[in-house]
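Here the sequence shown stands for residues 51 to 240, where the numbers follow the numbering used here.
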Amino acid sequence: MTRSTRTASAAPAPVDRERLAVCVHEAGHAVAGVVLGAELSTVVVPPKGMPLAGGLKGQARFFDCPEHVQPLVSYAGPWAQAKFAAGHQRPTMRDFNAVLDTAGCHDARALTAAGGIHEGAGAQSILDRCWPAVQTLARQLYSDWEASHLDVCAALGITDGGGYYSRQLASLRSASRSVPPFAPQPARSA
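Structure below.
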């Protein structure tokens with residue numbers, strides 16, 4: 051008779067909420083940029099103790115981001131982080147400004163250069179509509195440290211590659227298409 055041996059699975063590591071907030075912040079930038087037609091180069095959130103150049107905790111970089119879209123992309127990161135901090139509810143301006151003052155100083159400068167914080171406020175409706183994709187991408191950033199344009203398209207349910215002339219993204223922007231739901235645990239293969 052053979053007996054199967056089971057190893058006790060180790061308790062999951064505690065979630066680093068501060069790093070997860072950075073992942074949500076960068077996922078907000080990436081999702082908003084791709085939805086608005088920009089092509090993402092990469093979005094990166096390295097583990098603690100490995101800051102990027104300039105002391106950044108994370109960064110979303112785009113190959114091509116139309117100038118009129120940049121304020122929306124700058125606004126999206128801090129707004130996503132504020133929504134996460136508010137328990138996934140719509141954040142107040144106080145919540146948003148608190149993130150800008152602490153984790154969004156580069157975003158605040160970009161919004162000021164664009165004419166003011168209000169220039170990016172249109173990102174709110176995009177992120178509300180695409181919140182499951184932000185969560186999916188943040189989970190990937192937390193575990194894998196980076197994501198690509200194709201990863202963002204997959205989180206959004208976009209199969210035509212995205213880009214400025216994507217019909218699927220146009221449908222998403224007009225609210226006639228929805229994103230796939232967020233699955234709290236990634237699917238496991240059997």
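Where a beta carbon is used, it is the ideal one built from N, C-alpha and C, also for glycine.
Assign residue i to buried or exposed, taking buried as 16 or more other Cβ atoms, counted over all protein chains shown, within 10 Å of its Cβ.
{"i": "Val-65", "result": "exposed"}
{"i": "Leu-222", "result": "buried"}
{"i": "Asp-201", "result": "buried"}
{"i": "Glu-117", "result": "exposed"}
{"i": "Glu-68", "result": "exposed"}
{"i": "Pro-97", "result": "exposed"}
{"i": "Ser-226", "result": "exposed"}
{"i": "Gln-185", "result": "buried"}
{"i": "Gln-139", "result": "exposed"}
{"i": "Gly-170", "result": "buried"}
{"i": "Ala-132", "result": "buried"}
For the candidate residues the options, whose alpha-carbon lies nearest to that of residue i?
{"i": "Ala-88", "options": "Thr-142, Arg-227, Cys-203", "result": "Cys-203"}
{"i": "Glu-187", "options": "Cys-180, Ala-77, Gln-218", "result": "For the sequence presented, residue 187 should be read as Leu rather than Glu. Ranking Cys-180, Ala-77, Gln-218 by Cα distance to Leu-187 puts Ala-77 first."}
{"i": "Pro-182", "options": "Phe-112, Gln-235, Ser-91", "result": "Gln-235"}
{"i": "Gly-127", "options": "Ala-158, Phe-113, Ser-198", "result": "Ala-158"}
{"i": "Ala-135", "options": "Phe-112, Thr-92, Leu-70, Gly-212", "result": "Leu-70"}
{"i": "Arg-111", "options": "Met-100, His-199, Ser-224", "result": "His-199"}
{"i": "Ala-173", "options": "Gly-108, Arg-189, Gln-120", "result": "Gln-120"}
Rounded to the nearest angstrom, what separates residue i and residue j at their Cα positions?
{"i": "Arg-152", "j": "Asp-145", "result": "With the sequence shown as reference, residue 152 is identified as Thr, and Arg is not the correct amino acid for it. Looking at the two C-alpha atoms, the distance is approximately 11 Å."}
{"i": "Phe-232", "j": "Tyr-215", "result": "26 Å"}
{"i": "Trp-129", "j": "His-75", "result": "8 Å"}
{"i": "Gly-154", "j": "Ala-148", "result": "9 Å"}
{"i": "Leu-102", "j": "Ala-220", "result": "33 Å"}
{"i": "Ala-163", "j": "His-156", "result": "11 Å"}
{"i": "Arg-53", "j": "Pro-230", "result": "Confidence at Arg-53 is low in this model, with a pLDDT of 49, below 50, so its placement is unreliable and no value can be given for it."}
{"i": "His-168", "j": "Asp-210", "result": "32 Å"}
{"i": "Leu-191", "j": "Ala-197", "result": "6 Å"}
{"i": "Leu-206", "j": "Ser-228", "result": "8 Å"}
{"i": "Leu-106", "j": "Gly-165", "result": "24 Å"}
{"i": "His-79", "j": "Thr-142", "result": "19 Å"}
{"i": "Met-100", "j": "Val-93", "result": "15 Å"}
{"i": "Gly-137", "j": "Asp-114", "result": "32 Å"}
Please state whether DSSP places residue i in a helix, a strand or coil.
{"i": "Val-65", "result": "coil"}
{"i": "Ser-221", "result": "helix"}
{"i": "Thr-92", "result": "strand"}
{"i": "Pro-230", "result": "coil"}
{"i": "Arg-111", "result": "strand"}
{"i": "Ala-80", "result": "helix"}
{"i": "Ala-163", "result": "helix"}
{"i": "Ala-205", "result": "helix"}
{"i": "Ala-197", "result": "strand"}
Between residue i and residue j, which are expected to be in contact by the criterion C-beta below 8 Å, what is the C-beta distance as a whole number of angstroms?
{"i": "Val-95", "j": "Trp-195", "result": "6 Å"}
{"i": "Leu-177", "j": "Val-84", "result": "Wrong, their Cβ atoms sit about 12 Å apart, outside the cutoff."}
{"i": "Leu-86", "j": "Leu-122", "result": "6 Å"}
{"i": "Ser-124", "j": "Leu-161", "result": "5 Å"}
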